[in-house]
Amino acid sequence: MANISNVPIWDDLEVTEEKFISTCGEDNTTWASCIHDNFYPLSPPSQREIITETIRRLVVPSVYGLIVAMGLVGNSLVIYVIITKMRKGTMLNILLLNLAVSDLLLTIFCMPLDAINLVLMSWLVGGDFGCKLMHYMRYVSVYLSTFSLLLVSFMRYLTIVHSREFARYKTTRNAIKVAIITWVLVLLFNIPLLTTYQVNGEGDEAMCNFNNEERLSHIYYTMLTIAYLIPVVLICVIHMLIIKHLNKHGASAISQSSQERKRNATRLIIVTVVAFAICWLPFHMFQIASFAFDIHKNNDATIRTFLNISEVFTMCLAYLNSCINPFIYNFVSKDFRKSFKKSLCCVRASPCCASEEEPTFMSLATQHSSIPLNNIDNGNNQVVVVCRPQNQMDEDSDSEKC
C-alpha cells in the first residue's frame with residue numbers, strides 16, 4: 017500500500033494507515049477523490065485565518081509575557097518600597113499597598129493561565145481547580161482594586177476637607193483594619209464564582225468555561241455595577257469636592273507647600289483612577305455587547321474573527337492596568353520616585369543604598385491639623401518649626417509632631 021503518512025493537510029491532522037483505510041477504503045481507484053474530499057481543504061487558509069493564528073501563537077504570548085513581567089517587577093517593587101523605604105505606615109501607604117497586592121495576585125494567578133489557554137485553545141494546566149481559581153482571583157482582584165481606589169479617594173477627602181475631625185482616626189491600625197475588612201468581604205462575595213466555571217471535555221478538547229450562561233451574565237452585570245460604574249462615579253464626585261475645597265482655601269492660612277503636597281497626592285490618585293477607568297472600559301463595553309446582543313453566538317466567520325481579536329485586545333488592556341500603577345507612582349510622585357531609585361541602587365549594591373536622607377526642618381507651619389506644633393518664641397517674632405522627613409508620604413505628616 018502506498019505510504020500516505022506525509023499527506024500535507026492544513027489542520028495538522030495526523031493521517032494513519034488505519035484512518036486512511038477506514039475513510040477511503042482499499043479501492044485505489046477512488047483514492048484521488050477521497051483524499052481531495054477528506055484530507056485536503058477546498059482552499060488554503062484565508063488571510064483572516066492566518067491573522068487569527070498569528071495573534072494566537074505569537075502576539076498573545078509576547079504581550080501577555082510583557083505584561084506579566086512588568087506586573088511582577090513593578091508591583092513587587094511597590095510592595096517593597098512601601099514596607100521598607102517609606103518612613104511610616106501611613107493610611108495612604110497601606111491602601112496603596114493593598115492595591116499593589118491585588119494587582120500582583122492578578123498577575124500571578126490569572127494572566128499566565130489565561131495566556132496558555134488562549135495559545136493552546138484548550139485547558140491543559142491546572143485542571144478544574146485551576147479553572148475555578150483563575151476566574152475567582154480575577155474577579156477578586158478587580159473588586160479589590162476598585163474598592164482600594166475608592167477608599168484612597170475617600171480617605172483623601174476626609175484628610176483635606178475634614179482634617180481636624182479625621183486626624184485622630186487616621187492611624188496605621190485603622191488603615192490595616194479597613195484593608196482586612198475589604199479583603200474578607202470581597203473573598204466572601206465572590207465565592208459563588210467557584211461553582212460557575214468548570215472544565216468541560218478531556219485532553220486536548222478540555223475547555224475552561226462557565227456552566228450557566230444566565231448566571232454568568234448576572235455575575236458580570238453585578239461586577240459592572242458594583243466594581244466599575246458606581247465606584248467611578250463616586251470617585252469623580254469625591255475629587256470634584258476635593259478640588260473645589262483646595263481652590264477655595266488656596267489663599268488661606270495653610271501654607272503654599274502644604275497645599276502643594278495635598279495637590280500632588282490628589283493628582284497621583286486621580287491619574288491612577290483615570291488609568292483604571294480607561295483600561296477597563298473597552299472590556300466592559302465588549303462584555304455588555306456580548307451579553308446584550310448575543311454576538312458571541314454569531315456564526316459568521318468574519319464576525320467571529322473580529323470578536324476573537326476584540327476579546328483578546330480588551331482583556332490585554334484590562335490586564336495592563338495591573339502593571340502600570342508603579343509607573344504612574346514613579347512619574348507623578350517625587351517621594352515614590354526617590355524610594356524606587358534608592359531600592360534599585362540597593363539591587364546594584366550601590367553606595368546610595370546606605371545613605372538615608374536626614375529630616376529637614378521648615379520654618380513657618382505647613383500643617384493643618386488639630387495636633388499642636390512646637391512653638392519657638394523668638395522675641396517679637398514667633399516661629400513655628402516642623403520636622404518632616406523629606407521622603408515621607410504627604411498626607412499623614414499633617415498629624416506628625418517634632
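In the working numbering, each number is its position in the sequence shown, counted from 1, plus 16. Quick reminder that beta carbons are idealized off the backbone N, C-alpha and C, glycines included.
Simplified DSSP assignment, three categories, for Cys126: The residue given as residue 126 occupies position 110 in the sequence shown. Three-state result, Cys126: coil.
Asp351, buried or exposed, once every other Cβ within 10 Å from all chains shown has been counted against 16: Looking up residue 351 in the sequence shown gives position 335. Buried, since its Cβ has 16 or more Cβ neighbours within 10 Å.
Extent of the continuous alpha helix (DSSP H) to which Asn324 belongs: For the purposes of this step, residue 324 is identified with residue 308 of the sequence shown, where counting begins at 1. Where Asn324 is concerned, the enclosing alpha helix (DSSP H) stretches over Ala317 to Val348.
Neighbourhood of Leu257 by C-beta distance below 7 angstroms, restricted to the same chain and skipping five residues each side: Working through the sequence shown from its first residue, we reach residue 257 at position 241. Same-chain partners within the cutoff: Tyr173 and Val177.
Proximity below 9 angstroms, CB of Ile235 to CB of Tyr155: Counting from 1 along the sequence shown, the entry for residue 235 is found at position 219. Counting from 1 along the sequence shown, the entry for residue 155 is found at position 139. In contact: Ile235 and Tyr155 (Cβ atoms closer than 9 angstroms).
Limits of the unbroken alpha helix (DSSP H) element including Met150: Your numbering for residue 150 matches position 134 in the sequence shown. Note, Met150: alpha helix (DSSP H), Gly143 to Val177.
Exposed unless 16 or more other CB atoms sit within 10 angstroms - verdict on Leu113: For the purposes of this step, residue 113 is identified with residue 97 of the sequence shown, where counting begins at 1. Burial call: buried.
Those residues which DSSP pairs with Met223 across a bridge: Reading the sequence shown from its first residue, position 207 is the one you call residue 223. DSSP output for Met223 lists Asn216 as bridge partner(s).
Cβ contact (3+ pairs, closer than 8 angstroms) linking the stretch 197-206 and the stretch 161-172: yes
Three-state class that DSSP yields for Met137 in the structure shown: Against the sequence shown, residue 137 aligns to sequence position 121. If DSSP states are grouped into helix, strand and coil, Met137 belongs with coil.
Contact set for Ile286: own chain, Cβ-Cβ below 6 angstroms, skip 5 residues either direction: In the sequence shown, counting from the first residue as 1, residue 286 sits at position 270. So the qualifying residues of the chain are His255.
Simplified DSSP assignment, three categories, for Asp351: The residue given as residue 351 occupies position 335 in the sequence shown. The answer is helix: DSSP assigns Asp351 an H, G or I state.
Reference Asp424; option with closest CA among Gly90, Glu218 and Met171: Only positions 17 to 418 of the chain appear in this structure, which leaves residue 424 out of reach.
C-alpha gap between Glu181 and Leu134, whole angstroms: Along the sequence shown, read from residue 1 onward, the residue named residue 181 stands at position 165. Along the sequence shown, read from residue 1 onward, the residue named residue 134 stands at position 118. Rounded to the nearest angstrom, the two C-alpha atoms are 52 angstroms apart.
Delimiting residues of the alpha helix (DSSP H) encompassing Thr238: The count along the sequence shown starts at 1 and reaches residue 238 at position 222. Per DSSP, Thr238 belongs to the alpha helix (DSSP H) from Glu229 to Leu240.
Thr70 to Phe299 span [Cα, whole Å]: The residue labelled residue 70 in the question sits at position 54 within the sequence shown. The residue labelled residue 299 in the question sits at position 283 within the sequence shown. Their backbone Cα atoms lie some 22 angstroms apart in a straight line.
Top-ranked residue by Cα proximity to Leu284, from Ile207, Asn190, Tyr345 and Ala222: Along the sequence shown, read from residue 1 onward, the residue named residue 284 stands at position 268. Ranking the options by Cα distance to Leu284, first place goes to Tyr345.
Beta-carbon contacts of Asp130 that lie in its chain and below 6 angstroms, excluding the five residues immediately before and after: The residue labelled residue 130 in the question sits at position 114 within the sequence shown. Cβ neighbours of Asp130 beyond the five flanking positions: none.
Candidates Leu88, Tyr96, Thr175 and Arg184, of which the one nearest Phe356 by Cα: To locate residue 356, count along the sequence shown from 1; it is residue 340. Cα-wise, what sits closest to Phe356 is Tyr96.
DSSP-derived helix/strand/coil call for Asp119: Here residue 119 is taken as the residue at index 103 of the sequence shown, counted from 1. Here Asp119 sits in helix by DSSP.
Coarse secondary structure for Thr106, derived from DSSP in three states: Along the sequence shown, one-based indexing puts residue 106 at 90. Correct three-state label for Thr106: coil.
Alpha helix (DSSP H) segment containing Thr198, residue limits: Within the sequence shown, residue 198 is the residue found at index 182, counting from 1. Thr198 -> alpha helix (DSSP H) spans Thr188 to Phe205.
Cβ-Cβ separation, Asn206 to Gln214 (assumed contact under 8 angstroms), whole Å: Along the sequence shown, one-based indexing puts residue 214 at 198. Along the sequence shown, one-based indexing puts residue 206 at 190. No, Gln214 and Asn206 are not in contact; Cβ-Cβ is about 16 angstroms, not under 8 angstroms.
Three-state secondary structure (DSSP) of His300: Start at 1 with the first residue of the sequence shown, and residue 300 comes out as number 284. Looking at His300 - three-state DSSP - the assignment turns out to be helix.
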